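Colleague:
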């Protein structure tokens, strides 16, 4: 949405576009201010930006095989202190996943006796 507002603000103005779109003008201006001054972002988002670069590097070096646990262990070996749950959260947020070994992931357990009751 921010890119759309940037592209069209010279035609309609920020406030008019924000009135039509579900976004407050203050939100737009806040995002613009943070993109201009990245050092004003929260400490967590600054750390996340650094960690995700390291996570992507380790994950690519492993040919996209490592999961969150092995990426976390490699980060510890490299001297980075980061919580495992942070690595899990960032990998999930950016769609990175390790290789599944063995049986595939089971999402449902079907029961044949239940299907007879439904008809």
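In this note's numbering, the protein residues as written are 1488 to 1606. Just so it is clear, CB atoms sit at the ideal spot from N, CA and C, and this is done for glycine as well. Owing to the predicted nature of the structure, the values given are computational and were not obtained by experimental measurement.
Is the beta carbon of residue 1542 sitting closer than 8 Å to the one on residue 1586?
Modeller: In the chain shown, the residue the question calls residue 1542 occupies position 55. In the chain shown, the residue the question calls residue 1586 occupies position 99. No, the pair does not count as a contact, with Cβ atoms beyond the cut-off.
Colleague: Apart from the five residues on each side of it in sequence, which residues of its chain come closer than 6 Å, Cβ to Cβ, to residue 1614?
Modeller: Coverage of the chain is limited to positions 1488 through 1606, which leaves residue 1614 absent and any answer about it impossible.
Colleague: Out of 1508, 1509 and 1527, which has the shortest C-alpha to C-alpha gap to residue 1517?
Modeller: Your numbering for residue 1517 matches position 30 in the chain shown. Of 1508, 1509 and 1527, the residue nearest in Cα terms is 1527.
Colleague: Just the Cα atoms here: how many angstroms apart are residue 1434 and residue 1496?
Modeller: This structure leaves residue 1434 out entirely; the chain is present only between 1488 and 1606.
Colleague: Rounded to a whole number of angstroms, what is the C-alpha to C-alpha distance between residue 1510 and residue 1504?
Modeller: As a first step, residue 1510 is located in the chain shown; it is residue number 23 there, counting from the start. As a first step, residue 1504 is located in the chain shown; it is residue number 17 there, counting from the start. Roughly 9 Å between the two C-alpha positions.
Colleague: Could you round the C-beta distance between residue 1555 and residue 1571 to whole angstroms and report it? I think they count as a contact, below 8 Å.
Modeller: Translated into the one-based positions of the chain shown, residue 1555 becomes position 68. Translated into the one-based positions of the chain shown, residue 1571 becomes position 84. Contact holds; Cβ gap of about 7 Å.
Colleague: Which ranges does the alpha helix (DSSP H) cover as unbroken runs of at least 4 residues, wholly within the stretch 1540-1575, from first to last along the chain?
Modeller: Listed in chain order, the complete alpha helix (DSSP H) runs (minimum 4 residues) inside the stretch 1540-1575 are 1555-1564.
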